[in-house]
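To start, the structure under review is shown below, and the notes come after it.
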Amino acid sequence: MPVSNCPDPPSRRKPGEAVFGTGQSLPAAQARSPLAVSAAGDRAAPSPKMMENAVFMSFTFYSTILILKMYVIAIITGQVRLRKKAFANPEDALRNGGLQYYREDPDVERCRRAHRNDMENIFPFLFLGAIYSLLDPSPAVARIHFFIFCVGRIVHTIAYLLRLKAPTRSVAYSVAQLPCFSMALQILLATTPYW
Amino acid sequence: MPVSNCPDPPSRRKPGEAVFGTGQSLPAAQARSPLAVSAAGDRAAPSPKMMENAVFMSFTFYSTILILKMYVIAIITGQVRLRKKAFANPEDALRNGGLQYYREDPDVERCRRAHRNDMENIFPFLFLGAIYSLLDPSPAVARIHFFIFCVGRIVHTIAYLLRLKAPTRSVAYSVAQLPCFSMALQILLATTPYW
Amino acid sequence: MPVSNCPDPPSRRKPGEAVFGTGQSLPAAQARSPLAVSAAGDRAAPSPKMMENAVFMSFTFYSTILILKMYVIAIITGQVRLRKKAFANPEDALRNGGLQYYREDPDVERCRRAHRNDMENIFPFLFLGAIYSLLDPSPAVARIHFFIFCVGRIVHTIAYLLRLKAPTRSVAYSVAQLPCFSMALQILLATTPYW
């Protein structure tokens, strides 16, 4: 009798069916039920198992929030450039009043520093979090990692753009680094035999 | 009788066998044929299913093109530094004519801005596109997303390096952001239950 | 009789069981043993196959080392800012002695250039290496790719921060780019049919 351990793709499953906090992303019964088996048997191109992994889905959620946050910084940078009339390129200045607006501005530079710091820290998280999710961590612990990083980075951006008093920004940065170091060390522990 | 839903690795499949635009990456018949089954049964280390996913392969193609495009900007930056004799480090200037060439140059800065803008936008795409590919999207719609982003970013680079009249560059940037926002929203819709 | 080709998650396997340099990440016997089968049958949420892929694990190891290297540059940058009293934000300067320390410093800028160059090169590697690992490359050849990149980037950072004589840094950069171009071309070869 044909049996598959490959679970259904997310699109065929109601979100409510996901099992949180148990380390299982599919009800155990469904994985062995004849119905599930025959459904899987008819499916020629199953989605990768990653998307069945509740930890990975949680990681994906927080990562996408942070990427959207970075897009918002880019939009704010553009708005500040227009408001302060400070353009990085002569052709932009010419279109917006004249070459005298081809200049730097401290508010624009502040936005750019916030954006750059995000690149330095959020992009590595996109990697570390994805690999860590595949290491079969405790879902509760994993989500604490992702949540702390996400909140830390959002506070970092707010502290940067609103010039909050030091060391608010540095503390937010340091707190957000803790889950990253934790994930990096766990990945190294798991992968060192393979170097 | 043993049955597996795990398809053959790409290296054992002729590219022509891939099924485009159907949401299936393997012919349904092959997945159930006894031959496929026994071949899979002998395979100890199957390649991940991702590489059986035509949408993911398409995403990979466009992403690699864009990464090569970024490498080209880096090479151009180096060439402009040599031609304009403007080096970021004293040790580079010393090797290329003297410390007076340790200086900034507007053409070099232009290349660096183009490169930085790519980092701000192409790196998030590498994440969003990969996750979106795993969400089982319509292959045709997915490839439109990737294609628009890829063309938008190539036009952005050309407009930046050739100083095309504003707002060519900004329009290319905005057009390329549309598929990114679309993918980000679809990922959030799929993963919000898992936050 | 239930049969699964999905191997056990790494956490249930002793690292010593991994088979190096054979292209197999699981002993073939185990994949077909009744014990393995029943263990897999009880598992509802298997880890993705990626983590069974010795090449992918090796890639993950080197990538994490390089991300930690980038974190070290960030920490060094902060230390140089404090030692040279050169802060990027007025609020930081105010907390560290006064607004006169809101200024640039060549040593700080050097750290920032090293960090930025890492972003330009290590982040694309995180993508190219992951996809390349899924293409079923020879494990020995793959690890040579990862090793050369890793060593090249570490030498690049050392040459940058210690101002080693040119062209040490450029040579390290160029050597590290070789495996990246090789992986990019192999990915393009594999994915061009899917554009």
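Residue numbers (the numbering used here), protein chains in the order written: chain A, 1 to 195; chain G, 196 to 390; chain E, 391 to 585. Beta carbons are placed, not taken as given, at the ideal position from N, Cα and C, and that holds for glycine.
- The continuous stretches of alpha helix (DSSP H) do not include K360/G, and DSSP gives it neither H nor E.
- At a cut-off of 8 angstroms, the C-beta of P557/E has a neighbouring C-beta in chain G.
- Between A86/A and R103/A, the C-beta spacing is below 8 angstroms.
- At a C-beta separation below 7 angstroms, I326/G has these neighbours in chain A: T60.
- For A309/G, no Cβ of chain A is located within less than 8 angstroms of the residue's own Cβ.
- The beta carbons of F344/G and C375/G sit about 7 angstroms from each other, so the pair counts as a contact at 8 angstroms.
- Classified as buried, I268/G has 16 or more neighbouring CB atoms from the shown chains inside 10 Å of its CB.
- Contacts with chain E (Cβ-Cβ distance below 9 angstroms) from the region 77-93 of chain A involve no residue at all.
- The Cβ of M460/E sits closer than 8 angstroms to at least one Cβ of chain A.
- For chain A, the residues of the region 369-386 of chain G that bring a beta carbon within less than 8 angstroms of one of its beta carbons are Q372, C375, F376, A379, I382, L383, A385, T386, in chain order.
- Under the Cβ criterion of 8 angstroms, A367/G is not counted among the residues facing chain E.
- The beta carbons of M440/E and L134/A sit about 6 angstroms from each other, so the pair counts as a contact at 8 angstroms.
- Per the DSSP secondary-structure output, Y296/G pairs with nothing in a beta bridge.
- In the DSSP assignment, N507/E falls within the unbroken alpha helix (DSSP H) covering 496-524.
- Judged by beta-carbon spacing, A549/E lies within the 8 angstroms limit of R559/E, meaning their Cβ atoms are closer than that value.
- Relative to the Cα of S63/A, the nearest Cα in the group P90/A, L128/A, R83/A, P137/A belongs to L128/A.
- For I457/E, the number of other beta carbons within 10 angstroms of its own is at least 16, and it is reported as buried.
- Within its own chain, the residues whose Cβ lies closer than 6 angstroms to the Cβ of F254/G, once the five positions on either side in sequence are excluded, are G324, S328, F341, listed in chain order.
- Distance from I466/E to L551/E at the Cβ level is roughly 7 angstroms; contact confirmed, criterion being Cβ atoms closer than 8 angstroms.
- The beta carbons of K84/A and D118/A sit no closer together than 8 angstroms.
- Interface with chain G (8 angstroms Cβ-Cβ cutoff): F125/A is excluded.
- Put simply, the CB of R358/G is near chain A, with a gap under 8 angstroms to one of its CB atoms.
- I455/E counts as buried, since at least 16 other C-beta atoms from the protein chains shown sit within 10 angstroms of its C-beta.
- Membership of S138/A in any alpha helix (DSSP H) is not indicated, and neither H nor E is assigned to it by DSSP.
- Neighbourhood of L489/E in chain G, by CB distance below 8 angstroms: empty, with the nearest CB roughly 25 angstroms away.
- M70/A is not a Cβ neighbour of P334/G, given a cutoff of 8 angstroms.
- In the DSSP assignment, E286/G falls within the alpha helix (DSSP H) that extends over 285-290.
- Contact of M447/E with chain G by beta-carbon distance below 9 angstroms is absent, the smallest such distance being about 12 angstroms.
- Taking a contact as a CB-CB distance under 8 angstroms, the pair H310/G and E510/E counts as one, their CB atoms being some 6 angstroms apart.
- Put simply, the CB of E510/E is near chain G, with a gap under 8 angstroms to one of its CB atoms.
- In this structure, the alpha-carbon of P332/G lies about 40 angstroms from that of G273/G.
- At a cut-off of 8 angstroms, the C-beta of L261/G has no neighbouring C-beta in chain A.
- Contact with chain E is found for R290/G, since one of that chain's Cβ atoms lies less than 8 angstroms from the residue's Cβ.
- Nothing from the region 524-539 of chain E brings a Cβ to less than 7 angstroms from some Cβ of chain A.
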